[in-house]
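K.L.:
Going letter by letter, the sequence shown gives residues 1082 to 1147 in our numbering.
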Amino acid sequence: MTTIKIEGMTCQHCVMNVTKALEGIEGTENVKVDLDKGEAAYDEAKPVDMDSIKNAIEKAGYHMGS
Ligand SMILES: [Cu+2]
């Protein structure tokens, strides 16, 4: 499981947006987004490029933290 920080989420709608963005990337599995922690976690069914993750998050209107 990979965990990343996500900035800018304020409600369950944001959680849905981020979840969909991550699920839309080829190779991600079991995507879970935690609003309180500002984190998202996922498994990799096959290797996922971190740039793809970052792009998808930003396209959805959020930022990936470090
Ligand atoms: Cu929201």
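All C-beta atoms, glycine included, are put in the ideal place defined by N, C-alpha and C.
Which residue or residues does DSSP assign as beta-bridge partners of Y1143?
P.N.:
Partner(s): none; Y1143 has no beta bridge.
K.L.:
Let's see if you can read the secondary structure: which residues bound the beta strand (DSSP E) around K1086?
P.N.:
Note, K1086: beta strand (DSSP E), T1083 to E1088.
K.L.:
If N1111 and D1130 are in contact, beta carbons under 8 Å, what's the gap, nearest whole angstrom?
P.N.:
Not quite, the Cβ-Cβ distance comes to about 18 Å (not below 8 Å), so this is no contact.
K.L.:
To test your reading of the DSSP string, which unbroken alpha helix (DSSP H) runs of 4 or more residues are found completely within the segment 1092 to 1147?
P.N.:
List check, alpha helix (DSSP H) in window: 1093 to 1104 and 1131 to 1140.
K.L.:
Let me confirm a value: T1109 is counted as buried when at least 16 other C-beta atoms fall within 10 Å, else exposed. Which label applies?
P.N.:
It counts as buried.
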